[in-house]
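Heads up: the structure comes next, in structure tokens.
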């Protein structure tokens, strides 16, 4: 037993830093592959893998960077100082994931502070490395190039977090006044001239053109949408909304907010050139070196350089063939129509199913939570350690597929409301609820109050309906099936609103009342 522990300690002492920096690179590859899958696959295992990799990525890179300034002073490990810029590159992350949750975006100031500290640490590690002062000029130049790339990529990530971290309920999504109502007719005709038939790619460009609509819905629930009802069929409406869910995922969780312009293209070209030059310089340096370096360190350095080059090439391809690039080219004027057509033609060769959502909706039921909290041993233990709320959210939340019936209901309601500006439609709907409920004396019914009150009412009413239907059941006719579909849809939508309130309050317009919801749960538990 002791011999095994000593062997592990020996391996860690000799090769610990090398293993950790390779782990840091491997995590970046894992994030690149898995981050895009979570938008279209509803899997707890996948979310756990992405979450673990996201957390390990920063902590591993920071840990290794803190040890390089000491280890790189060793004569045979001088190359370790050259690894510091690659850790900055890893801290910059991949283009398809900058945040795992909305809360990560709101902590951009913390990331900015970390950026300053880690850049200083990397600079110190390079400064302490013997090769920077008296070593080869080739390795010195390669180090400076990679250091610049690392700082640029890390800074780009912090900037992306800042852009995406603007509160969905605040007033900083758009700094200018809202334009006049969007009309689909000109954009559809414009896209027809460029792309031909209204296929999936064209619908995706329409979704991007109308992206201000979901942004405004998160802003204050009042987008300008007159004129849309005559231009899209029901199937096209739902298809566009599905794609907008994916696009909003890009806005919140990726670097797209800072990379889909000319700045993003330039920084990727410069990074690719700098990484290529650094690889060539290091190869020439290896042929001419006089000092004998550790073969393992040389191999790790080649892995880092080649890996960084592959990731940069991947980033370039993702940028060029992105739907965001197509949208940028289309809006840049007629001289860019030919490149736009070329990109769209190439995109049509691949089925871009990743642009769709998972087809599921979160569920949460307050009455089930309260019943479980009274009897569940896990809830009692969580209450004892002060973690009852997160535990209940974990075990009392689930997801269900969005049925075709719910899709039809959503499109029907959207069609109904598109006859007015959405401000008028919302006002009319609220007034209708107030009038029907006889709540003339209390008009302060926000979204969260209606969510949990209607959730309880829906559970009670549907329970009564099921009992009533069982007594009257006469056969499996069309009317019975429709009532059953309506009941399932009502239950799913009610649970979804409670899920948003309990687990995703940032997706609701303010005030979202998450604290009041928790108090309501405790009141039910104590009653």
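Numbering (the working numbering), first residue to last: 24 to 550.
Backbone N, C-alpha and C fix where the C-beta goes; we use that ideal spot for every residue, glycine too.
Report all residues from its chain with a CB closer than 8 Å to the CB of residue i; omit the five preceding and five following residues, and keep chain order.
{"i": "residue 327", "result": "44, 48, 106 and 109"}
{"i": "residue 354", "result": "none"}
{"i": "residue 419", "result": "387, 388, 391, 392 and 395"}
{"i": "residue 545", "result": "none"}
{"i": "residue 324", "result": "102, 105, 106 and 305"}
{"i": "residue 508", "result": "426 and 428"}
{"i": "residue 198", "result": "Low local confidence applies: a pLDDT of 42 at residue 198 is under 50, so the model's placement there is unreliable, and no value is given."}
{"i": "residue 38", "result": "319"}
Shortest alpha-carbon distance to residue i belongs to which of the options?
{"i": "residue 479", "options": "504, 516 and 113", "result": "516"}
{"i": "residue 514", "options": "537, 539, 434 and 483", "result": "483"}
{"i": "residue 382", "options": "522, 121 and 423", "result": "423"}
{"i": "residue 370", "options": "225, 391, 152 and 407", "result": "225"}
{"i": "residue 296", "options": "356, 323, 503 and 334", "result": "334"}
{"i": "residue 285", "options": "402, 349, 103 and 36", "result": "349"}
{"i": "residue 60", "options": "269, 409, 524 and 146", "result": "269"}
{"i": "residue 51", "options": "91, 137, 415 and 330", "result": "330"}
{"i": "residue 417", "options": "426, 402, 146 and 39", "result": "402"}
{"i": "residue 124", "options": "146, 62 and 322", "result": "62"}
{"i": "residue 165", "options": "303, 426 and 174", "result": "303"}
{"i": "residue 524", "options": "400, 543 and 512", "result": "543"}
{"i": "residue 171", "options": "184, 153, 408 and 149", "result": "149"}
{"i": "residue 89", "options": "427, 40 and 126", "result": "40"}
{"i": "residue 147", "options": "93, 427 and 425", "result": "93"}
{"i": "residue 138", "options": "176, 223 and 152", "result": "176"}
{"i": "residue 230", "options": "504, 426 and 347", "result": "347"}
{"i": "residue 518", "options": "539, 485 and 503", "result": "485"}
{"i": "residue 238", "options": "113, 273, 65 and 508", "result": "273"}
{"i": "residue 13", "options": "37, 233, 133 and 372", "result": "With the chain running from 24 to 550 in the structure shown, residue 13 is simply not present."}
{"i": "residue 316", "options": "100, 83, 70 and 71", "result": "100"}
{"i": "residue 233", "options": "222, 257, 258 and 264", "result": "264"}
{"i": "residue 182", "options": "116, 151, 144 and 163", "result": "116"}
{"i": "residue 179", "options": "426, 159 and 294", "result": "294"}
{"i": "residue 85", "options": "67, 36, 42 and 140", "result": "140"}
{"i": "residue 373", "options": "223, 28, 356 and 358", "result": "223"}
Give me whichever residues DSSP pairs with residue i in a beta bridge.
{"i": "residue 383", "result": "424"}
{"i": "residue 117", "result": "120"}
Since residue i and residue j should fall inside the 8 Å C-beta cutoff, what is the C-beta to C-beta distance between them, to a whole number of angstroms?
{"i": "residue 161", "j": "residue 307", "result": "6 Å"}
{"i": "residue 142", "j": "residue 111", "result": "7 Å"}
{"i": "residue 366", "j": "residue 352", "result": "7 Å"}
{"i": "residue 46", "j": "residue 76", "result": "Going by Cβ atoms, the distance from residue 46 to residue 76 rounds to 11 Å, so no, they are not a contact pair."}
{"i": "residue 227", "j": "residue 266", "result": "5 Å"}
{"i": "residue 80", "j": "residue 33", "result": "Contact flag wrong, Cβ pair sits at about 28 Å."}
{"i": "residue 283", "j": "residue 345", "result": "7 Å"}
{"i": "residue 342", "j": "residue 288", "result": "6 Å"}
{"i": "residue 57", "j": "residue 73", "result": "5 Å"}
Which same chain residues, not among the five before or five after residue i, have their C-beta less than 7 Å away from its C-beta?
{"i": "residue 338", "result": "118 and 291"}
{"i": "residue 541", "result": "412"}
{"i": "residue 168", "result": "297, 300 and 301"}
{"i": "residue 277", "result": "118, 119, 120 and 121"}
{"i": "residue 363", "result": "217, 349, 352 and 353"}
{"i": "residue 188", "result": "128, 129 and 131"}
{"i": "residue 522", "result": "385, 386, 387 and 420"}
{"i": "residue 186", "result": "280 and 281"}
{"i": "residue 12", "result": "Given that the chain is displayed from residue 24 to residue 550, the structure contains no residue 12 and the question cannot be resolved."}
{"i": "residue 174", "result": "111 and 142"}
{"i": "residue 398", "result": "none"}
{"i": "residue 71", "result": "none"}
{"i": "residue 488", "result": "510"}
{"i": "residue 65", "result": "381, 383 and 422"}
If I measure Cβ to Cβ from residue i and keep anything under 6 Å in the same chain, skipping five residues before and after, which residues do I get?
{"i": "residue 405", "result": "411 and 414"}
{"i": "residue 261", "result": "430 and 434"}
{"i": "residue 257", "result": "434"}
{"i": "residue 144", "result": "88"}
Taking the runs of the alpha helix (DSSP H) that are 4 residues or longer, which of them lie wholly in the segment 283-333? 285-311
Could you tell me which whole alpha helix (DSSP H) segments of length 4 or greater appear in the segment 498-531? 501-526
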